[in-house]
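Asks: Residue numbers (my numbering): 8 to 98.
Think of the CB as a built atom: it goes at the ideal place given N, C-alpha and C, for glycine as much as any other residue.
For clarity, every value in this text was computed on a predicted model and none was experimentally measured.
Next up is a structure, given as C-alpha cells.
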Amino acid sequence: MDRTALETELQDIFDADQRAARVVARQARDLADSGRFADDLGMELSVEIVRSNLEDAPADYSLVERWNWWLGSLELSHGGYERFQIRDGAV
C-alpha cells in the first residue's frame, strides 16, 4: 500500500490535518505489512479499502476516531487489531 497516496487521500476526503493523516497512514502501512488483514479477510489492504471503511464510520468522527472505530470492529470480529489503534496523545 502506498502510504503517501493514502495520506493525501485522507487529507482530501476527511479534511484531516497532515499530522493526523500521517499517523493513520503509518498505522495502515503497519497493518498491511503485518499480513494480518490479508490473512483474516483474504485481500490485501489498499488505499481504497481504508477509505471505504473509514467512510462508514459516524460522520461526526475525526479521522483518528474513524480509524479506531474501524479497527475496533476488526478487533471484535477477528482479534489482534488492537495494537494498530491510535492511542490518545499520538496525534
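Once DSSP output is grouped into helix, strand and coil, what is the label at E72?
Replies: For the purposes of this step, residue 72 is taken as residue 65 along the sequence shown, with counting starting at 1. Residue state, collapsed to three classes: helix.
Asks: If you draw a straight line from the alpha carbon of D95 to that of G49, how long is it in whole angstroms?
Replies: Position 88 of the sequence shown, counted from the first residue, corresponds to residue 95. Position 42 of the sequence shown, counted from the first residue, corresponds to residue 49. C-alpha separation (whole angstroms): 31 Å.
Asks: With distances taken from CA atoms, which of F44, L17, M8 is nearest L61?
Replies: Within the sequence shown, residue 61 is the residue found at index 54, counting from 1. Checked all of F44, L17, M8; the closest Cα to L61 is L17.
Asks: V71 and A35 look like a contact to me (Cβ under 8 Å); what is the Cβ gap, rounded to whole Å?
Replies: On the sequence shown, position 64 is the one that residue 71 refers to. On the sequence shown, position 28 is the one that residue 35 refers to. At roughly 12 Å, the Cβ-Cβ gap does not stay under 8 Å, so V71 and A35 are not in contact.
Asks: Is DSSP giving M66 helix, strand or coil here?
Replies: Taking the first residue of the sequence shown as 1, we reach residue 66 at position 59. In the sequence as displayed, the identity of residue 66 is Ala instead of Met. The answer is coil: DSSP assigns A66 none of H, G, I, E or B.
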